[in-house]
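In the numbering used here, the protein residues as written are 2 to 190.
We put the CB at the ideal spot given by N, CA and C, even for glycine.
Everything on this sheet refers to the single structure shown next.
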């Protein structure tokens, strides 16, 4: 049986090859997931340097635990869990700004491909308010909201990643949305 390590190889094959010591297979797995891991890490830490450190730690942990990863399941959710846990550790160990970049989170001017200057300013202002609102949320609520809304994971997947029940996740997301609504209402006054 010839091992495939190209970009089209199924994830389970790549995982099996990587477990056997195939560096190219491991590299393909990293390439498939690094953008999403970085995106989540950046939103969780709010800092590019911390996000890059988190990504490196995530893939180092994946390499160390290759034999423990269930090849019958997608790798993405496992990586999300590791990313969230590493970012929480970074947050506890370093008291840096938790500004949450929102590129791609809310398409504020998505309908108009060439907005005028006033619409661009409005979109930037809305993004600034959203970032400020997210900074005010408790870490678990922010993580639940970002995983659900940005990463488009199901409530069950978010619950599994955060080690919570689905009810807790629904409550955290609801609470986060309510707090954001109140934050935006205060900003309009």
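CA-to-CA, the gap between residue 33 and residue 61 works out to about 15 Å. C-alpha of residue 135 to C-alpha of residue 44: approximately 10 Å in a straight line.
Per DSSP, residue 72 is not a residue of any alpha helix (DSSP H), being assigned neither H nor E. Taking each of 133, 53 and 12 in turn and checking the Cα distance to residue 187, the smallest one comes out for 133.
Contact between the stretch 138-151 and the stretch 70-77 is not established, with fewer than three Cβ pairs separated by less than 8 Å. The beta carbon of residue 166 is closer than 7 Å to those of 160 in its chain, skipping five residues each way along the sequence. Distances from the CA of residue 180 to each of 89, 81 and 130 were compared; the closest alpha carbon is that of 130.
With 16 or more other Cβ atoms inside 10 Å of its own Cβ, residue 47 counts as buried. Just so you know, the alpha carbons of residue 177 and residue 168 end up roughly 14 Å apart. Residue 189 and residue 137 have their C-alpha atoms spaced approximately 17 Å apart.
Taken through DSSP and simplified to helix, strand or coil, residue 11 comes out as coil.
C-alpha of residue 41 to C-alpha of residue 19: approximately 24 Å in a straight line.
For the set 149, 184, 185 and 153, the Cα lying nearest the Cα of residue 172 is the one of 149. Judged by their CB atoms, residue 84 and residue 38 are nearer to each other than the 7 Å cut-off.
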